[in-house]
Structure formats: C-alpha cells, structure tokens
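Colleague: For the sequence shown, my numbering gives the first residue as 88, with consecutive numbering after it.
The C-beta atom is built at its ideal place from N, Cα and C for all residues, glycine as well.
Bear in mind that the values here come from a model prediction, so they are computed numbers and not experimental data.
Got a structure here, written out as structure tokens. Questions coming.
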Amino acid sequence: MTIQFSTKLFAQADFRATKNLKSAFALLVKQDSDCLVMAYSKADLVNLQGQTTGKGGSKKAHQRLNLGNLGPLAVLDSFLGGAILRASTFGDLEAKEATVTLLRADSSWLAQGVKLKRVLLVGLGDAQQKSGDDILGYAKLARSAIKALSGGAIETALWLMASFMEKPHPQRLGELARLTMQLAGDQVYRFGVRQPAMRFKVKDTPDPLKSFIFIGGGKEASALKIAVAEGTALVEGMNLAKDLGNLPPNVCTPTYLAQTAQALAKKTTLKVEVLDRKQMETLGMGSFLAVTQGSELPPQFIIMRYLGGKPSAAPTVLVGKGITFDTGGISLKPGDAMDEMKYDMCGAASVMGTIYAAALLKLKQNVIAVIPTCENMPSGKATRPGDIVKSMSGQTIEILNTDAEGRLILCDALTYVERFKPRAVIDVATLTGACIIALGSVHSGLFSDDENLVKELSESGKAVLDTVWRLPLDAAYQEQLKSNFADVANIGGRPAGSVTAACFLKRFTEKYCWAHLDIAGTAWKSGAMKGSTGRPVPLLFNYLVTYGAP
Numbered sequence: 088m089t090i091q092f093s094t095k096l097f098a099q100a101d102f103r104a105t106k107n108l109k110s111a112f113a114l115l116v117k118q119d120s121d122c123l124v125m126a127y128s129k130a131d132l133v134n135l136q137g138q139t140t141g142k143g144g145s146k147k148a149h150q151r152l153n154l155g156n157l158g159p160l161a162v163l164d165s166f167l168g169g170a171i172l173r174a175s176t177f178g179d180l181e182a183k184e185a186t187v188t189l190l191r192a193d194s195s196w197l198a199q200g201v202k203l204k205r206v207l208l209v210g211l212g213d214a215q216q217k218s219g220d221d222i223l224g225y226a227k228l229a230r231s232a233i234k235a236l237s238g239g240a241i242e243t244a245l246w247l248m249a250s251f252m253e254k255p256h257p258q259r260l261g262e263l264a265r266l267t268m269q270l271a272g273d274q275v276y277r278f279g280v281r282q283p284a285m286r287f288k289v290k291d292t293p294d295p296l297k298s299f300i301f302i303g304g305g306k307e308a309s310a311l312k313i314a315v316a317e318g319t320a321l322v323e324g325m326n327l328a329k330d331l332g333n334l335p336p337n338v339c340t341p342t343y344l345a346q347t348a349q350a351l352a353k354k355t356t357l358k359v360e361v362l363d364r365k366q367m368e369t370l371g372m373g374s375f376l377a378v379t380q381g382s383e384l385p386p387q388f389i390i391m392r393y394l395g396g397k398p399s400a401a402p403t404v405l406v407g408k409g410i411t412f413d414t415g416g417i418s419l420k421p422g423d424a425m426d427e428m429k430y431d432m433c434g435a436a437s438v439m440g441t442i443y444a445a446a447l448l449k450l451k452q453n454v455i456a457v458i459p460t461c462e463n464m465p466s467g468k469a470t471r472p473g474d475i476v477k478s479m480s481g482q483t484i485e486i487l488n489t490d491a492e493g494r495l496i497l498c499d500a501l502t503y504v505e506r507f508k509p510r511a512v513i514d515v516a517t518l519t520g521a522c523i524i525a526l527g528s529v530h531s532g533l534f535s536d537d538e539n540l541v542k543e544l545s546e547s548g549k550a551v552l553d554t555v556w557r558l559p560l561d562a563a564y565q566e567q568l569k570s571n572f573a574d575v576a577n578i579g580g581r582p583a584g585s586v587t588a589a590c591f592l593k594r595f596t597e598k599y600c601w602a603h604l605d606i607a608g609t610a611w612k613s614g615a616m617k618g619s620t621g622r623p624v625p626l627l628f629n630y631l632v633t634y635g636a637p
C-alpha cells in the first residue's frame, strides 16, 4: 500500500446534533494530525457570519452567538481562535461547490489546545447538496479535497465524513467513504514507486500522503469500519491491475502473469493452477493456440480460485483477456501508438485485481478467475487470414483477420468454465476499437441477455463511478459472422464491430448466465496522462460485494 486507511471513532460524539457539537469538536481538535478535512454549506457559512437571509435580503445578526445554537463551522471556529471567520471576512472563504480553503495553525490554536496543524475546508454550495444522494457531486467535492491534500507536506489526514451529508444514512455514509478511498488511491498511485525496478524517471517519488483516517461518532462506527475494510481491499486490487497494465511488455509476459498469480496465492487463500501448451492441446483449445503460434513465448492458462463461500455454492466466474502484446499478427497494426498494445491484457489484470481484492476482504462467496494469456505476434509460424481452426467447443472458426484475436482466446476460456457450473460468468476484454468509437472513455460496453445481470452490473458501476452502457446482442447481427467454409467467421466487417464481437462470444456461452464487458475505451488513458486506470476493478468488486453472495 502507498496509503493506509483507518477510522477514529468517538463513541459518544455526534458531529451532526447541534447540542453535542461543542463536545464532539473538543475531542476532534485534540487529534494530532497534519490536516482535518471538513465540508461546509452556504447555511453553515451564514451561521458563522451571524447573518440570516430572507425575502427582505441580508440582515446583520450578532457575530457571537451562544455556542449551543451554532452550526459545525462556527463551533470549529471557536476552537481555532476565529481563523475561519477571518478567512471569510478577507474573502478567502466561500461556499461555492468544491472550493477548498486551507488554514494553518497559529498561536491561537495552540492556546486552545488544538493539535491539528491544518484544516482544509471544502465548500458544498447549498445546504440541500449535503444529502449525499448525488454520487457525481460528492466525487467532485472529494477529488477537489484529495488533490489539495496530495503532493505537499501533508502525511496524515482526518476526513470528517458526516460533514459532507446533512442526514446521512449509515449505509450511504459507508458507501461514500469507500468511494473516497477509491479516489484517494487513484490520486496517490505512482507506478515507479510501486515497481522500483521500473523506476526510470527521477520524478517517480511517492506521494507524501500516507495515512487517511475517517472520523465518526458512535452511529457511524459500523458503517465506517466496513467501508475501510472494503476500500482497502479495493484499492489494493486496483493498484495490482494498474501495475500489471503499466509494466512494459518485455516484463509483463504470459509467464510473468502466471508467476504473479502464484505469488498472490502465497499471500492469501487463493488457489492457483496454470495449464501449459500441452494441457491446452489435450483440452482441444485450438482457437486459443492459433493465436499463440507466431510468438516464441509460451501461452499460459491461469485458473485462480477463491473459495470463501459454502462448498456447494455456485461460483461467480471472471474471465479476462490476457494478450500481453498485440501486434495484430499477420494482419499487422499500424505503428502509431502500437506501444499501447501492452494494455491488451487489462482484462486479465482487472480480473486478477478483483479476485485478489475478494481474497483480502475474505468475502463469504466463491469466485474463480480464468485468464487465457499469450502474445499475438507475426512470424513464419503465425496464423494466416483464411486459416480454419477448431475451438474447444467443437465449433470451427474461419480466421479472416488475425487482429481479432481476443475473441479467439476467450471463446475457449468460456467453454472451459462450463465445468464450474457458475452462477454467472463475466468476461472482461479490451476487445474492439469499435467500442471506443461508440462510447469513448466514459462507459465500458456491456452485453448480456440476462436482465438481472444487466441491472446488477449497471447499478454496481454507477455506485463507484465505473459505469457501463448496454449495447445490443440481437440475433440479426449473427448474420454478419457467417462463413462459407466454417461454422463461424471471427469478424463480421466494420459495421457494429463491438456488437458482432460480442455475438461471436455469445455462441460459446449458452450453458450459463453471461455478460461481456468491452473495456477498450476505459482500461487505460492515452497521451500525457498515459497509464492504466484500474477499471473495471471497482465495478466488478462492487458487484461481488453487493450481489455476489447466493
């Protein structure tokens, strides 16, 4: 971990009840921390300034009111020697949404026994925005605050979760706390720091923010503790997925992925099995093996089992595309941005990160991750356009384009997982450029005929800002995959490319509940911010936590 998450709970404190605010903040300001993060609304600011606003306009009220009638901002100010009121008077404090104001300790704080070195105030805007129902609105606030905490001298931060919500339901508060951890993990992630052997740039230094503590009262205790456990596991899973995606392809080979899985098994209760080429030949994985023919590196078929549920409980199976480098094969890709084809294994990275997070959290359910992994390279041994191969299912495939290789390795994996009698199968793949054209980098493409699974994945994604958009799977699109010489062609032409790719996979999933996620547009960023995003680990992890148990 590059950041540690925890909670600090005050059993008798209530940071929302007016009559208890003074005693609650008296405990809070005595915490030894680099920074306290607290949100405030326009109403809180008006309360501090001693003003009321009605139809008749602003009306000056007493600057100093009875503490029992003050809101949280004014109560905190009473311990900070009027520092907040002074900032407001000088125009340095406004309640505009997502504005941040950093106050630093002075002698007046010390005189009051305040041990906080800084206070970061986050504007909420209008009071009604404190409900916590607007996920995007909260994320905007949290990102603004976390960015202010990051990159400077702040090592430890206290986050007053209740200040962001007017009447927080404990479960909702916990969900937002977990989202905060997800955003904080994103902010402090540094590839060169987590992978010292790859630390080629001088500026790859760790973010100073090391400790992130959620403050709460007795009513929030259970929700915050659960959130911290879940958030810690999620961030670790995302970090793993990012690391694997960002590694150069001469390091992150199929064998490296297999070794990484085996190393995770030594740290957790995961059980890992790796099939080699001969075992795949015995299973009849002719489609998968056709993709590997041009590479000198051996293919790997990785099975990771997390068995936290009852032995009789059907598992959720995650299948991840693991092309560690995709040249396109004989159907060679253009050279421009080909370096980004190291990210063609982000499906594999995401399912590995998800099952690792499940193991860290000790989820009480069964999860299996299956990762077919190899390179797609051109050589004298490589598969040619026009070749026909037989898949593990027995269906024959005419390979019209060797750059449509992801579906060729996935179809055998999707046949293999039938043996697990799964409750649901979700495959994850950077499958088609067509999905990027359709959805950009906002949503991952979702394909499924199971309405419940579509609903569950969609809702899971919305809650963690890892969203999906459903695309069609109509039988009419299967017409584009017809072949004169085999059961199916591996491409259906340019029209609806992401849809026909999903329709191809659907032919191998008739025996179980299945969904396909095309993450070609969301798995990594290009340009100056180039790097793996860790998506869709948040979506998959939240799906398991929320819907995975039988």
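Taking the straight line between their C-alpha atoms, what separation do you get for residue 540 and residue 527?
Modeller: In the sequence shown, counting from the first residue as 1, residue 540 sits at position 453. In the sequence shown, counting from the first residue as 1, residue 527 sits at position 440. Cα to Cα, residue 540 sits roughly 23 angstroms from residue 527.
Colleague: So residue 453 is in the beta strand (DSSP E); what residue range does that whole segment cover?
Modeller: Translated into positions along the sequence shown, residue 453 becomes position 366. Looking at the DSSP string, the run of the beta strand (DSSP E) that includes residue 453 is 453–463.
Colleague: With 16 as the cutoff for other CB atoms within 10 Å, does residue 129 come out buried or exposed?
Modeller: What you label residue 129 is simply residue 42 of the sequence shown in a count that begins at 1. Buried, by the Cβ-count rule.
Colleague: Which residue's Cα is closest to the Cα of residue 269: 553, 135, 161?
Modeller: What you label residue 269 is simply residue 182 of the sequence shown in a count that begins at 1. Minimum Cα distance to residue 269 is reached at 553.
Colleague: Can you give me the C-alpha to C-alpha distance between residue 627 and residue 542, rounded to a whole angstrom?
Modeller: For this step, residue 627 is matched to residue 540 along the sequence shown. For this step, residue 542 is matched to residue 455 along the sequence shown. Computed Cα separation, rounded: 13 angstroms.
Colleague: Work out the CA separation of residue 602 and residue 475 for me, nearest whole Å.
Modeller: By 1-based counting over the sequence shown, the position of residue 475 is 388. By 1-based counting over the sequence shown, the position of residue 602 is 515. When rounded, the distance between both Cα atoms is 27 angstroms.
Colleague: In or out: residue 139 buried (at least 16 other Cβ within 10 Å) or exposed?
Modeller: To locate residue 139, count along the sequence shown from 1; it is residue 52. Unreliable positioning characterises residue 139 in this predicted model, as indicated by a pLDDT of 36, which lies under 50. A coordinate reading is not provided.
Colleague: Quick one: residues in its chain with C-beta nearer than 6 angstroms to the C-beta of residue 466, no 5 flanking neighbours on either side, listed in chain order?
Modeller: Locating residue 466 in the sequence shown gives position 379, counting from the first residue. Counting only Cβ-Cβ distances below 6 angstroms, and skipping sequence neighbours, we find 381.
Colleague: What does residue 325 pair with, by DSSP beta-bridge criteria?
Modeller: In the sequence shown, counting from the first residue as 1, residue 325 sits at position 238. Paired residue(s): none; residue 325 is not in a bridge.
Colleague: Indicate the three-state DSSP secondary structure (helix, strand or coil) for residue 167 in the structure shown.
Modeller: For the purposes of this step, residue 167 is taken as residue 80 along the sequence shown, with counting starting at 1. Reduced to three states, the DSSP call for residue 167 is coil.
Colleague: What residue range is occupied by the uninterrupted beta strand (DSSP E) comprising residue 534?
Modeller: As a working note, residue 534 is residue 447 in the sequence shown. It spans 531–534 - the beta strand (DSSP E) in which residue 534 sits, taken as one unbroken run.
Colleague: According to DSSP, is residue 188 helix, strand or coil?
Modeller: The residue given as residue 188 occupies position 101 in the sequence shown. Reduced to three states, the DSSP call for residue 188 is strand.
Colleague: Leaving aside the five residues before and after residue 295 along the sequence, list all residues of the same chain whose C-beta is less than 6 angstroms from its C-beta, in chain order.
Modeller: Numbered from 1 along the sequence shown, position 208 holds the residue referred to as residue 295. Hits under 6 angstroms: 242.
Colleague: Which one of 252, 574, 488, 185 has the shortest CA to CA distance from residue 418?
Modeller: For this step, residue 418 is matched to residue 331 along the sequence shown. It is 488.
Colleague: Since residue 301 sits in a beta bridge, which residues does DSSP pair it with?
Modeller: Reading the sequence shown from its first residue, position 214 is the one you call residue 301. Per DSSP, 94, 246.
Colleague: So, at 6 angstroms on beta carbons, what are the nonlocal neighbours of residue 246 in its own chain, with the 5 sequence-adjacent residues on each side left out?
Modeller: Along the sequence shown, one-based indexing puts residue 246 at 159. Here the set comprises 124, 301.
Colleague: Take residue 446 and list the residues in its own chain whose beta-carbon comes closer than 7 angstroms to its own, dropping the five residues that flank it on each side.
Modeller: Residue 446 sits at position 359 when you count from the first residue of the sequence shown. 355, 356, 357, 393.
Colleague: Which word fits residue 366, buried or exposed, when buried means at least 16 other C-beta atoms lie within 10 angstroms of its C-beta?
Modeller: For the purposes of this step, residue 366 is taken as residue 279 along the sequence shown, with counting starting at 1. With fewer than 16 Cβ atoms within 10 Å of its Cβ, residue 366 is classed as exposed.
Colleague: So, at 6 angstroms on beta carbons, what are the nonlocal neighbours of residue 96 in its own chain, with the 5 sequence-adjacent residues on each side left out?
Modeller: Numbered from its first residue, the sequence shown carries residue 96 at position 9. The residues are 303, 308.
Colleague: In this structure, does DSSP put residue 393 in helix, strand or coil?
Modeller: The residue labelled residue 393 in the question sits at position 306 within the sequence shown. Strand at residue 393.
Colleague: Report buried or exposed for residue 548, applying the criterion of at least 16 other Cβ atoms within 10 angstroms of its Cβ.
Modeller: Numbered from 1 along the sequence shown, position 461 holds the residue referred to as residue 548. Buried.
Colleague: Fully enclosed by the stretch 400–439, which beta strand (DSSP E) runs are 3 residues long or longer?
Modeller: If we require 3 residues or more, the beta strand (DSSP E) runs fully inside the stretch 400–439 come out as 403–407, 409–413.
Colleague: By how many angstroms is the C-alpha of residue 598 removed from the C-alpha of residue 272?
Modeller: By 1-based counting over the sequence shown, the position of residue 272 is 185. By 1-based counting over the sequence shown, the position of residue 598 is 511. Approximately 38 angstroms between the Cα atoms of the pair.
Colleague: Helix, strand or coil for residue 339, going by three-state DSSP, please let me know.
Modeller: Taking the first residue of the sequence shown as position 1, residue 339 is located at position 252. Reduced to three states, the DSSP call for residue 339 is coil.
Colleague: Let's test the definition: count the other Cβ atoms within 10 Å of the Cβ of residue 632 and tell me whether it reaches 16, buried, or not, exposed.
Modeller: Within the sequence shown, the letter at position 545 stands for residue 632. Under this definition residue 632 is a buried residue.
Colleague: Spatial neighbours of residue 630 within its chain, please: C-beta separation below 7 angstroms, excluding the five flanking residues on both sides.
Modeller: Reading the sequence shown from its first residue, position 543 is the one you call residue 630. Contacts found: 543, 544, 547.
Colleague: Could you give the DSSP three-state label for residue 130: helix, strand or coil?
Modeller: Counting from one through the sequence shown, the residue named residue 130 turns up at place 43. Reduced to three states, the DSSP call for residue 130 is helix.
Colleague: Tell me, please, which residues DSSP counts as bridged to residue 269.
Modeller: Translated into positions along the sequence shown, residue 269 becomes position 182. Beta-bridge pairing links residue 269 to no other residue.
Colleague: Would residue 452 be called buried (16 or more neighbouring beta carbons within 10 Å of its own) or exposed?
Modeller: As a first step, residue 452 must be located in the sequence shown, where it is residue number 365. It counts as buried.
Colleague: Taking only the alpha-carbon atoms, compute the straight-line gap between residue 514 and residue 157 and give it to the nearest angstrom.
Modeller: Locating residue 514 in the sequence shown gives position 427, where the first residue counts as 1. Locating residue 157 in the sequence shown gives position 70, where the first residue counts as 1. Computed Cα separation, rounded: 54 angstroms.
Colleague: In the DSSP output, what is residue 358 paired with across the bridge?
Modeller: In the sequence shown, the residue the question calls residue 358 occupies position 271. Paired residue(s): 392.
Colleague: Please specify which runs of the alpha helix (DSSP H), each continuous and at least 4 residues long, are wholly inside the stretch 494–550, giving them in chain order.
Modeller: Listed in chain order, they are 520–526, 538–550.
Colleague: Taking the beta carbon of residue 176 as the centre, do at least 16 other beta carbons fall within 10 Å, making it buried, or is it exposed?
Modeller: Against the sequence shown, residue 176 aligns to sequence position 89. With fewer than 16 other Cβ atoms within 10 Å, it is exposed.
Colleague: Skipping 5 residues on each side, what residues in its chain have a beta carbon closer than 6 angstroms to that of residue 570?
Modeller: Within the sequence shown, the letter at position 483 stands for residue 570. Excluding positions up to five away in sequence, the list reads 485, 576.
Colleague: Determine the DSSP secondary structure at residue 291, reduced to helix, strand or coil.
Modeller: Counting from 1 along the sequence shown, the entry for residue 291 is found at position 204. Residue 291: coil per DSSP, three-state reduction.
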